[in-house]
Amino acid sequence: MTIVRDTDRGRLLTRRAFLIGGVQASLFGVLFNRLYNLQVKEGDRYVTLAEENRVSLRMVLPPRGLITDRQGLIMARSDKSFRAVLVPEQASDVNQTLRALYDMMRFEDWEKKRIQKDLKKNRSFVPVLLRENIDWETLSLLELHTPELPGLVIEAGETRFYPFNEATAHILGYVGAPTEEEAKDDPLLSQPSFRIGKSGVERVYDLDLRGEPGTTHVEVNAFGRPVRELEKHEGKSGHELRLTIDMSLQEFAQKRLTAELSASAVVMDCVDGSIYSIASHPSFDPNQFTLGISKDLWGKLNNDPLVPLINKAVMGLYAPGSTYKVVVALAALEMGINPKTTFFCPGHLDFGNHRFHCWKKGGHGTVDMKKGIFQSCDVFFYHISQKVGIDKIYDMSKLLGLSQKLGVDLPNEKAGLVPNREWKQKNYKESWQPGETLVASIGQGYMLTTPLQLAVMTARLASGGLAIKPHVMQSVKDVKRAQETFPPLPLKPENIQFIKDAMFAVCQPGGTAAASQIPVAGYQMAGKTGTSQVRRISKAERSKGVIPNEKRPWEERDHALFISFAPIENPRYVCCVVVEHGGGGSKNAAPIARDLLIEVMKRDPAKALPKPLVMPAGMDPKLPDKNAPIQSPTAPDTQLDEDEELIMEDDLTDDPTN
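Counting in the working numbering, the sequence shown runs from 1414 upward without gaps.
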């Protein structure tokens, strides 16, 4: 049995008392220190608050990151501006304040509706944007009357600005206010003047460009007018986004297309996949979207039949026409078909109850594969496609980048379409007909491609068979894009070289694009013309004489296409041009591609081209005359193109297999 002595018990009580006393002393010390801070150190601050003043905690919006071209030239920036906002909880009578502001600032009806909508959906402490980018006269007037307008706050902010306007609209896109759904779970997006990327790279790289917000504690009086800034925590600016675009080339390309009503062009590197220029015409001014576009202007842009809001280079879908013949030829070579195989072209091929015409009425005579490419003989490809079959043609199309999204870092990319037996059965519940293979062999029928896909297809050929992928981002967060190694395609090098040689012949005497060759050794280009029809021709019309392109209404003319690469030795650049309803590819698309290739080779000395490019007199690329009238949709062309004419008749209803 343990006996506890009185002396031990006393020592235990003493230790406990000491511990409890120490804890109490510590608590009193903390309390005293807090009271000292509140009453002595921050006493003046709370006296101010007691005198009907209060502290407003406000979010400081981060500057949006710059967007620059490959040389560091600024393509998008944020400029300083002033905006007026209303904080409902600081206004004694919101409606009275708004009535005064409506008279003072002359708000339009659509602005009033927006403000009322924002007041209803936002909490009382969330500022409601009244107007951005206020001019100095209005700013002075508001500052003068601020004491009479409780809840009104004038803020210094930023407005996104695109210095190159239409030239970069489809690449950069634009910024706009977040939707209710987008802003639901993010306080930053609830700020009235905050903007997020809505299209283009502004949308794709929005999170990198946004930055991180800061905060500021502002002392305001009973009227909500700022008295002084108590403390401020700066946010972080958005990261700079550097693109692969060459802005000088981009401007040149956009201006070069203005001679046409509707057109697009892509210039890219066939070694690393970087895009130097991607132009779509007509375009729009993205600055009009930054502050909120009016309903009338939006309706005008949205209903324009030339669809200026669409990036045609990525989203436009076109039958590839005869540019597709290089795919069919490569599929035949990979099957082991001898390129010396010949067929006779009398100007047409009768197949079943259908007659399929060649663009050359009198025919090309005896044609082998190389001649079939550089003279674009339709009859040769009608014959060769029967030997290859649609499924093998489809497989080659996929290898070269068609009928699929390429993963370019631009939004709304279209996949296009290359048909095969499985697709026809799935979508039409019908079997594939042999006659449809003939139509597909010249890039017509169900075929749909984008200009970007045709550029990538050309890049995969020009590179010697690498699975090139396109991109526009060069670096972000000061981190350069990793150099991508593209795997080789399962193709025989000698077959790819044959196609490249045939494409070079296209731009030589006797070829369909001979007039557009770059006449400087070491810089010559290879290419393939294409003309895709947008309507079928009846047998009755053909018997009377086919109406040439220049005499048809603009919307019934054929599309003009041209794919190309240069220099022919050690290719570095590829270009694809599509001119909607432009007639023939050799006349209207090839000269544009030539000019763009000349410009990119002149502007990029880093690629170690053989020698400085000096064009012969009169051969330098020419921009359209700004004062010259643009051709109207119904005006005739000045000359006829002999590339490819309408080749099918639509009043023969019998199945081509009969």
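By construction, the Cβ of each residue, glycine as well, lies at the ideal position given by its N, Cα and C atoms.
Out of the options, which one is the CA nearest neighbour of residue i?
i	options	result
L1730	G1858, P2037, V1889	G1858
S1505	E1521, M1518, L1719, E1561	E1561
R1608	L1722, D1482, F1445, R1477	R1477
K1890	D1621, N1840, K1525	D1621
K1783	Q1910, R1429, D1763	Q1910
S1810	E1826, K1827, T1850, V1831	V1831
G1814	F1793, N1840, T1863	T1863
D1482	E1625, P1501, E1653, K1530	E1653
G1820	H1884, L1444, A1853	H1884
P1721	E1579, Y1587, H1646, E1664	E1579
M2014	V2027, Y1807, A2003	V2027
K1915	H1972, P1752, L1762, D1685	Looking at the sequence shown, residue 1915 is not Lys but Ala. Of H1972, P1752, L1762, D1685, the residue nearest in Cα terms is P1752.
Can you tell me which of the three DSSP states residue i falls into?
i	result
L2022	coil
A1926	coil
A2002	helix
Q2044	With a pLDDT of only 44 at Q2044, under 50, the local geometry of the prediction cannot be trusted, and the value read off the model is given with reservation. Q2044: coil per DSSP, three-state reduction.
K1818	coil
I1433	helix
F1445	helix
L2104	In this structure the chain extends from 1414 to 2071, so residue 2104 is not present and cannot be described.
E1625	strand
R1616	helix
G2011	Note that residue 2011 corresponds to Ile in the displayed sequence, not to Gly. It is helical.
M1938	coil
I1909	helix
G1589	strand
T1427	helix
A1979	strand
R1573	strand
D2063	Since pLDDT at D2063 reaches only 38, below the 50 mark, its modelled position is unreliable, and no value is offered.
M1488	strand
V1473	strand
E1464	The predicted position of E1464 is uncertain, since its pLDDT is 48 and thus under 50; a value taken from the coordinates is nonetheless stated next. Residue state, collapsed to three classes: coil.
G1610	strand
D2050	Residue confidence for D2050 is low, a pLDDT of 33 falling below 50, so the modelled location carries little weight; the figure read from the coordinates is stated next. The answer is coil: DSSP assigns D2050 none of H, G, I, E or B.
D1599	coil
K1827	coil
K1753	coil
Run through the DSSP bridge pairs and tell me what residue i is partnered with.
i	result
A1678	A1692, V1990
H1972	S1945
Y1731	T1862
R1655	T1481, S1888
P1901	L1879
C1758	G1778
H1770	H1761
L1499	V1541, L1565
V1739	In the DSSP output, where bridge partners are listed per residue, V1739 has none listed.
E1673	DSSP output for E1673 lists no bridge partner at all.
H1646	T1628
K1668	None, per the DSSP bridge assignment.
S1687	H1884
Check whether the Cβ atoms of residue i and residue j sit closer than 8 Å, and answer yes or no.
i	j	result
A1939	S1999	no
I1750	K1805	no
I1931	I2005	no
E1545	R1496	yes
V1614	I1584	yes
W1772	I1803	no
Q1788	T1942	no
M1681	A1828	no
L1823	V1919	no
S1494	T1572	yes
G1734	S1929	no
K1410	G1610	Missing from the structure shown is residue 1410; the chain here goes from 1414 to 2071 and no further.
L1874	V1739	yes
P1475	P1591	no
M1488	M1660	yes
I1567	L1554	no
S1612	Y1587	yes
L1974	R1669	no
F1577	E1664	yes
L1565	L1499	yes
Return yes when at least one heavy atom of the ligand HEM lies under 7 Å from the C-beta of residue i, else no.
i	result
K1774	Judged by which ligands are present, the structure shown has none, so any question about the ligand HEM falls away.
May I ask you to verify whether the region 1740-1760 touches the region 1877-1888, counting CB pairs closer than 8 Å and requiring at least 3?
no
Quick check: the region 1898-1911 against the region 1754-1774, are there 3 or more CB pairs under 8 Å?
no
Determine, using beta-carbon pairs with one atom in the region 1667-1681 and one in the region 1974-1990, whether at least three such pairs fall under 8 Å.
yes
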